[in-house]
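A quick write-up on the structure given underneath.
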Amino acid sequence: MADNSVGTQSFATQETSNSGKKIRTAVIGCGMISNVYIDAMKRIPEFEIVGGCDIRKERLDWFTKKTGVTAVFEKWDDMLREVQPDAVVVATPNGVHMPASVAAANAGCHVMTAKPMAMTPAECQLMIDASKKAGKLLAVGLQFRYRAATEMFVRARDAGDIGDIMYVKCQALRRRGIPNWGVFGQKELQGGGPLIDLGVHLMEAAHYCMGSPKPVAAVGNVWTYLGDKPCDTQCQWPNWDYKTYTVEDLAIGHVRFENGAILQVEASYAAHIERNRYDIQIMGSKGGFDWETSSLFTDRAGTMLTSTPAFTPEDQMINWFTAKMKNFASGILYGTPLRAPGEAGMAIQKMLDGIYRSAANGGREVAID
Ligand SMILES: NC(=O)c1ccc[n+]([C@@H]2O[C@H](COP(=O)([O-])OP(=O)(O)OC[C@H]3O[C@@H](n4cnc5c(N)ncnc54)[C@H](O)[C@@H]3O)[C@@H](O)[C@H]2O)c1
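And the structure:
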């Protein structure tokens, strides 16, 4: 098991102690997901929201209405200088995570950045370096490690029910779900399509479940066949911007790890399948697991058993965000370990990058440093 595998002690959500200390926090990128970050911070007394930044005036108006905070700015440099926050949440498109996070670290802020950490490993390294130089925390919003199924699996793994993990299959598949808002179809602003946007969630939870082994090689391919054409089929999000669509519709990849284990990922915005699937299947030498159904497969007393939990904690998005923001607050105030530091984001980014590089290289295997 890798050094940074998760012990069962990590299952207790690290509580902040409502000590009266305040973390003055600003939000860079006041779009859709900032709403959930703000709701999570409102549940944690140590967070005081002190500023907002967005290039769109209407989102700044929305931010002020939601938080009551009038210190809003179109440029993060102005906000960092005038508000001087202790921490920032970066919730911009992927291509802006790096410059906003580096600027915030250089201004002496702890940073929580939305997933994926950035568009490339080189950008991730700049973020890690800036935070280290500033002596501040860098956390990545990888929330699927806070989900009930992930926690159930890690407990079973640590109890010895799984044995050696050999193979993990991740699926992040939409039948027809090409985003028709934001810039999700623009490669230069996002770094890619469903692999970097959706696959990242399942890959990070899978990698965490595996005990964070070191990736060494990747193969993969990507295909674009619908997103770059006008929408002519009834679906939940019609009329996406096909004219600016430069990302993949479907990505398939394999990642090989130093310990010989293999992770396969399938990610799509548009796949001809029965239904959307967000799943991780894990095969170990003693047991296996299906994440979507929280099913544990073991052999006991001469019988193949399938076990499902009789109770799981409430598994809502707001709870995952609250848990990750509590972990961030606890790290800032008490020096407790981050469950998803920049290094975890980097490991996932190297896998994503390896699959994209292989795809650009005719599907040949590429090394991951
Ligand atoms: N963890 C999750 O479950 C989750 C879910 C959705 C999105 N995300 C991530 O959050 C990020 C934002 O996604 P979204 O759906 O909220 O997108 P969005 O388009 O709704 O919001 C992004 C906001 O950033 C603003 N912005 C763009 N450039 C900026 C700049 N230079 N300075 C300041 N603001 C800028 C935009 O105007 C917009 O309001 C993405 O990286 C996405 O991957 C995470």
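In the numbering used here, the protein residues as written are 648 to 1016. Just so it is clear, CB atoms sit at the ideal spot from N, CA and C, and this is done for glycine as well.
Given R822 as reference, the closest of P862, E798 and Y925 once Cα atoms are compared: When P862, E798 and Y925 are compared, the shortest CA-CA separation from R822 is found for Y925.
Closest by CA to H848, which one among V730, F831, A819 and L784? A819
Check for me: the beta strand (DSSP E) holding A865 runs from which residue to which? P862 to W870
Whole-angstrom distance between F791 and P988, CA atom to CA atom: Distance between the alpha carbons of P988 and F791: 14 Å.
From this set, A796, D1000 and A1007, which residue's C-alpha is nearest E770's C-alpha? D1000
Taking Cβ positions, are P732 and G788 nearer each other than 8 Å? no
Using 8 Å as the threshold, is the C-beta distance between E921 and I899 below it? Cβ atoms of E921 and I899: not closer than 8 Å.
When DSSP labels each residue in this structure, what does T660 get in the three-state scheme? Here the model assigns T660 a pLDDT of 44, short of 50, so the residue's position is not dependable, and the following value carries that caveat. If DSSP states are grouped into helix, strand and coil, T660 belongs with coil.
Less than 7 Å between the CB of D844 and some heavy atom of ligand 1, yes or no? Yes, the beta carbon of D844 sits closer than 7 Å to at least one heavy atom of ligand 1.
Taking Cβ to Cβ, would you say W967 is nearer than 8 Å to A796? no
For a test of the three-state rule: what should DSSP assign to L985, helix, strand or coil? coil
Can you find the residues in the same chain that come closer than 8 Å, C-beta to C-beta, to G1010, ignoring five residues on each side of it along the sequence? V866, G867 and N868
Return the CA-CA distance between L727 and E990, expressed in angstroms with no decimal places. 25 Å
Is the region 806 to 818 in contact with the region 932 to 949, if contact means three or more CB pairs nearer than 8 Å? yes
How far does the alpha helix (DSSP H) with Q772 in it reach, from first residue to last? P768 to A781
Buried or exposed: I675, going by 16 or more other Cβ atoms within 10 Å of its Cβ? buried
By the three-class DSSP mapping on this structure, what secondary structure does F904 have? strand
Identity of the residue in K890, W884, A852 and W723 nearest L910 by Cα: A852
Would you kindly work out how many angstroms separate the C-alpha atoms of P740 and N974, rounded to a whole number? Going by the C-alpha atoms only, they are around 23 Å apart.
Taking 7 Å as the cut-off, is the CB of S681 close to at least one heavy atom of ligand 1? yes
Run the CB neighbour count on G715, radius 10 Å, all protein chains shown included, and call it buried at 16 or more, exposed below. exposed
Residues of its chain near P860, where Cβ-Cβ distance is below 7 Å and the 5 sequence neighbours each way are ignored: A649, F904, E905, N906 and A908
Note down, in chain order, each residue of its chain lying with its Cβ closer than 7 Å to the Cβ of F831, except the 5 sequence neighbours on either side. Q837 and D844.
For R986, I'd like the list of residues in its chain whose CB is within less than 6 Å of its CB, leaving aside the five on either flank, ordered along the chain. N974
Proximity of G781 and G742 at Cβ, strictly below 8 Å: A quick correction: the sequence has Ala, not Gly, at residue 781. For A781 and G742, no; Cβs fall outside 8 Å.
Contact check, A765 vs Q963, beta carbons under 8 Å: No, the Cβ-Cβ distance between A765 and Q963 is not below 8 Å.
For A1014, I'd like the list of residues in its chain whose CB is within less than 6 Å of its CB, leaving aside the five on either flank, ordered along the chain. A864
Relative to ligand 1, is the shortest distance from any of its heavy atoms to the C-beta of G788 smaller than 7 Å? yes
Measure the C-alpha to C-alpha separation of K890 and A738 and round it to an integer number of angstroms. 25 Å
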